[in-house]
Amino acid sequence: DGGITQSPKYLFRKEGQNVTLSCEQNLNHDAMYWYRQDPGQGLRLIYYSQIVNDFQKGDIAEGYSVSREKKESFPLTVTSAQKNPTAFYLCASRPGLPSYNEQFFGPGTRLTVL
Amino acid sequence: AQSVTQLDSQVPVFEEAPVELRCNYSSSVSVYLFWYVQYPNQGLQLLLKYLSGSTLVKGINGFEAEFNKSQTSFHLRKPSVHISDTAEYFCAVSETSGTYKYIFGTGTRLKVLA
Numbered sequence: 003d004g005g006i007t008q009s010p011k012y013l014f015r016k017e018g019q020n021v022t023l024s025c026e027q028n029l030n031h032d033a034m035y036w037y038r039q040d041p042g043q044g045l046r047l048i049y050y051s052q053i054v055n056d057f058q059k060g061d062i063a064e065g066y067s068v069s070r071e072k073k074e075s076f077p078l079t080v081t082s083a084q085k086n087p088t089a090f091y092l093c094a095s096r097p098g099l100p101s102y103n104e105q106f107f108g109p110g111t112r113l114t115v116l
Numbered sequence: 282a283q284s285v286t287q288l289d290s291q292v293p294v295f296e297e298a299p300v301e302l303r304c305n306y307s308s309s310v311s312v313y314l315f316w317y318v319q320y321p322n323q324g325l326q327l328l329l330k331y332l333s334g335s336t337l338v339k340g341i342n343g344f345e346a347e348f349n350k351s352q353t354s355f356h357l358r359k360p361s362v363h364i365s366d367t368a369e370y371f372c373a374v375s376e377t378s379g380t381y382k383y384i385f386g387t388g389t390r391l392k393v394l395a
């Protein structure tokens, strides 16, 4: 079955530690996205990538980093510079342009900082 | 720049009653419009989308939405809800002019009561 997988489902981190969230898709989609979801704030874009080896900052990129070395993979690193990292993180992908193509979402990773 | 407003953060409704979830958007350019649903601790899945043509769009699970250009609205409706419709619903827009970014609303939590 084609889809998007995110791992782990739950992640706990101590303050001051970096942590990497995995996102893999086998849909052959060009574009991939990372969103952060907090209660009452909807989805906020962290980073997105249109093609391999290219990515752009979203609205809340500070304290996060990404890489796109392979088409199917778009890992997100939450660094110690992110002051309030506890949140639900969603990865998404889509075929690319045209922009009426909808995004497909993974099941999410819930990160808790202890 | 675009923005999406979902005025109702929570909507309680009794089972088998009709429901309308409101979405208004602001944009200086043409947009595509989407409704997504999110069940607890899961990713988002597409309910329906408006690209062009008929302003009434039918989606999955008996939902439909009507695009109103003059009021810049895209309200979601269902004539008779079920307990299983309890979820969070997000409205989103994307420019028609070739963009990879979506703008999401803050979500409306629909709670269906027995």
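These protein sequence lines map, in sequence, to chains A and B. Going by this note's numbering, the letters in the first sequence line up with residues 3 to 116, in that order. Going by this note's numbering, the letters in the second sequence line up with residues 282 to 395, in that order. Glycine included, every Cβ here is placed at the ideal spot set by N, Cα and C.
Contact with chain A by residue i, beta-carbon distance below 7 Å
{"i": "Q291(B)", "result": "no"}
{"i": "Q323(B)", "result": "yes"}
{"i": "L302(B)", "result": "no"}
{"i": "L357(B)", "result": "no"}
{"i": "G386(B)", "result": "yes"}
Cross-chain neighbours of residue i in chain B, by beta carbon under 9 Å
{"i": "G18(A)", "result": "Per Cβ cutoff of 9 Å: no residues; G18(A) is ~27 Å from chain B at best."}
{"i": "A33(A)", "result": "Y381"}
Listed by chain order, chain A residues near residue i by CB distance under 7 Å
{"i": "L288(B)", "result": "Neighbours of L288(B) on chain A: none; closest Cβ ~13 Å, over 7 Å."}
{"i": "Y383(B)", "result": "Q105"}
{"i": "L337(B)", "result": "The contacting residues do not exist; L337(B) stays about 17 Å from chain A at best."}
Pair within 7 Å by beta-carbon distance, residue i and residue j
{"i": "V374(B)", "j": "L314(B)", "result": "yes"}
{"i": "H356(B)", "j": "E296(B)", "result": "no"}
{"i": "Y432(B)", "j": "A94(A)", "result": "Examination of residue 432(B) is not possible in this model, given that chain B is present from 282 through 395 alone."}
{"i": "Y37(A)", "j": "Y50(A)", "result": "no"}
{"i": "G44(A)", "j": "F385(B)", "result": "yes"}
{"i": "T111(A)", "j": "L47(A)", "result": "no"}
{"i": "L325(B)", "j": "G340(B)", "result": "no"}
{"i": "E74(A)", "j": "Q27(A)", "result": "yes"}
{"i": "T79(A)", "j": "V115(A)", "result": "no"}
{"i": "V292(B)", "j": "L391(B)", "result": "yes"}
{"i": "T377(B)", "j": "S311(B)", "result": "yes"}
{"i": "E345(B)", "j": "T336(B)", "result": "no"}
{"i": "L29(A)", "j": "L113(A)", "result": "no"}
{"i": "S82(A)", "j": "G18(A)", "result": "yes"}
Residue i: contacting residues in chain B (beta-carbon distance under 8 Å)
{"i": "Y102(A)", "result": "Y313, K330, L332, S375 and T377"}
{"i": "L92(A)", "result": "G324 and L325"}
Nearest residue (CA-CA) to residue i, options the options
{"i": "E71(A)", "options": "V54(A), F107(A), F106(A) and Y102(A)", "result": "V54(A)"}
{"i": "S9(A)", "options": "F90(A), L29(A) and T81(A)", "result": "F90(A)"}
{"i": "Y389(B)", "options": "E17(A), A63(A) and G42(A)", "result": "The displayed chain sequence assigns Thr, not Tyr, to residue 389(B). Selected option, being the one with the closest Cα: G42(A)."}
{"i": "Y306(B)", "options": "L288(B), T336(B), Y320(B) and P321(B)", "result": "L288(B)"}
{"i": "F371(B)", "options": "Q283(B), V310(B), S308(B) and Q319(B)", "result": "Q319(B)"}
{"i": "A368(B)", "options": "Q283(B), A282(B) and V294(B)", "result": "V294(B)"}
Under 8 Å by beta carbon: chain A residues contacting residue i
{"i": "T367(B)", "result": "The premise fails here: T367(B) is roughly 16 Å from chain A at the closest Cβ pair, so nothing lies under 8 Å."}
{"i": "T389(B)", "result": "Correct list: empty, because the minimum Cβ distance to chain A is about 10 Å."}
{"i": "F371(B)", "result": "G44 and L45"}
Where residue i meets chain A, residues with beta-carbon distance less than 9 Å
{"i": "T353(B)", "result": "Within 9 Å Cβ-Cβ: nothing; T353(B) doesn't reach chain A, min ~18 Å."}
Interface residues of chain B facing residue i [CB-CB closer than 7 Å]
{"i": "P109(A)", "result": "Q323 and G324"}
Below-7 Å beta-carbon distance, residue i vs any chain B residue
{"i": "Y50(A)", "result": "yes"}
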